[in-house]
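**Q** Our numbering puts the first residue of the sequence shown at 135, with every later residue one more than the last.
Here a beta-carbon is modelled for each residue, glycine too, at the ideal position from N, C-alpha and C.
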Amino acid sequence: KASSGLRVQRPSDDPIAASVIASIDHKLERDGQRDRNMSHASAVMNNLDTSLGEIGDLVRNAKTIALEQVQSTADEGTRAEMANVIQQQITQLTGILNRDFAGLHYFAGAATGGAPIESFHNGYRYTGTREGLYTDLGPELDFPITMAADDAIGALSSRVEGVVDLN
Numbered sequence: 135k136a137s138s139g140l141r142v143q144r145p146s147d148d149p150i151a152a153s154v155i156a157s158i159d160h161k162l163e164r165d166g167q168r169d170r171n172m173s174h175a176s177a178v179m180n181n182l183d184t185s186l187g188e189i190g191d192l193v194r195n196a197k198t199i200a201l202e203q204v205q206s207t208a209d210e211g212t213r214a215e216m217a218n219v220i221q222q223q224i225t226q227l228t229g230i231l232n233r234d235f236a237g238l239h240y241f242a243g244a245a246t247g248g249a250p251i252e253s254f255h256n257g258y259r260y261t262g263t264r265e266g267l268y269t270d271l272g273p274e275l276d277f278p279i280t281m282a283a284d285d286a287i288g289a290l291s292s293r294v295e296g297v298v299d300l301n
């Protein structure tokens, strides 16, 4: 004890003090993890916020183009050109929805390991989940750090079903 300067070197030296030390160590470790979780959540939220801003800009721009085309007497060539612009915006939107931060795809819901939007039969398919991923920031404070693309842009359509098999 004198050589190390420690009052408790083994739990058997003072079981009560060892228990208090273990409890304090556990609390320090848990608080440190929550600090790391907070830093990570903050970084993800900053990226998510930037992406949502870019999505809003794309949607406003597409809306402006659509309104101009409805109100104009544009010829077929101009409309085809604007359709190409909209297709480029859809491609940009897909890229934004597939972004990740440190391997975490923040529009994939809880399925964060892969890109949530993929091309599928001349359209797009969402491969994420509808529930987000949460991080522990403290007692009774589970904080969402991802979201489903459906929550961000209404990406999912309802399934259309009928009584006739169209195949």
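Just to confirm my understanding: we take I199, look at its own chain, exclude 5 residues before and 5 after, and list those with CB closer than 8 Å. What are they?
**A** M216, V219 and I220
**Q** In chain order, which continuous runs of the alpha helix (DSSP H) of length 4 or greater are located wholly inside the segment 198 to 280?
**A** Here the runs fully enclosed are 210 to 231.
**Q** What number of angstroms, rounded off, separates the C-alpha of Q205 from the C-alpha of Q226?
**A** 26 Å
**Q** Please tell me whether, using a cut-off of 7 Å, the distance from the CB of D183 to the nearest non-hydrogen atom of the ligand FMN is below it.
**A** For the ligand FMN, the structure offers nothing, since it holds no ligand at all.
**Q** Give me, in chain order, the residues of the same chain whose beta-carbon lies closer than 8 Å to that of T263; leave out the 5 immediate sequence neighbours on both sides.
**A** A242, G243, A244, A245 and A282
**Q** Out of A175, D147, M179 and D148, state which residue places its alpha-carbon closest to the alpha-carbon of L271.
**A** Between L271 and the set A175, D147, M179 and D148, the nearest pair of CA atoms involves A175.
**Q** For T119, count the other beta carbons within 10 Å of its own beta carbon; 16 or more makes it buried, fewer makes it exposed. Which is it?
**A** Only positions 135 to 301 of the chain appear in the structure, and residue 119 is not among them; the question remains open.
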